[in-house]
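All letters in the sequence shown, in the order written, are residues 25 to 90 by the working numbering. Presented below is the structure to which this report refers.
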Amino acid sequence: MTTTDIHATAEKLAADPRLTDDDLRHTLQNIDGEISRIVSVRKPIPIDILRWRRVVKHARSKRLGM
């Protein structure tokens, strides 16, 4: 997933009326929790998790007008 893909996916998520702001917030919390769990057992964080975190953060920013 390239930077362009990340932004395009985030734009689609931000514009999707089926997803609420709470859905995006909960998803981000779940991703952050998974990252914390991985760090606590001293494993490498998969790049896909980091990419999805960036997608969701960007989508939330778009929704909140940031």
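Every residue gets a Cβ at the ideal spot worked out from N, C-alpha and C, and that includes glycine. This one's a predicted model, so the numbers in the text were calculated from it and none came from an experiment.
Chain-order list of residues whose beta-carbon lies under 8 Å from that of residue i (same chain, five-residue window excluded)
{"i": "isoleucine 55", "result": "Ile73, Trp76, Arg77, Val80"}
{"i": "isoleucine 30", "result": "Arg75, Arg78, Val79, His82"}
{"i": "valine 63", "result": "Ile69"}
Straight-line Cα distance separating residue j from residue i
{"i": "proline 70", "j": "histidine 82", "result": "19 Å"}
{"i": "arginine 87", "j": "lysine 67", "result": "33 Å"}
{"i": "glutamate 58", "j": "aspartate 47", "result": "16 Å"}
{"i": "aspartate 40", "j": "methionine 25", "result": "20 Å"}
{"i": "threonine 28", "j": "glycine 89", "result": "20 Å"}
{"i": "alanine 32", "j": "valine 65", "result": "33 Å"}
8 Å contact criterion, which residue i and residue j should meet: CB distance rounded
{"i": "arginine 84", "j": "arginine 61", "result": "Arginine 84 to arginine 61, Cβ: 21 Å. No contact."}
{"i": "leucine 43", "j": "leucine 37", "result": "6 Å"}
Extent of the continuous alpha helix (DSSP H) to which residue i belongs
{"i": "lysine 67", "result": "Segment: none, lysine 67 is in no alpha helix (DSSP H) and carries neither H nor E."}
{"i": "aspartate 29", "result": "27-39"}
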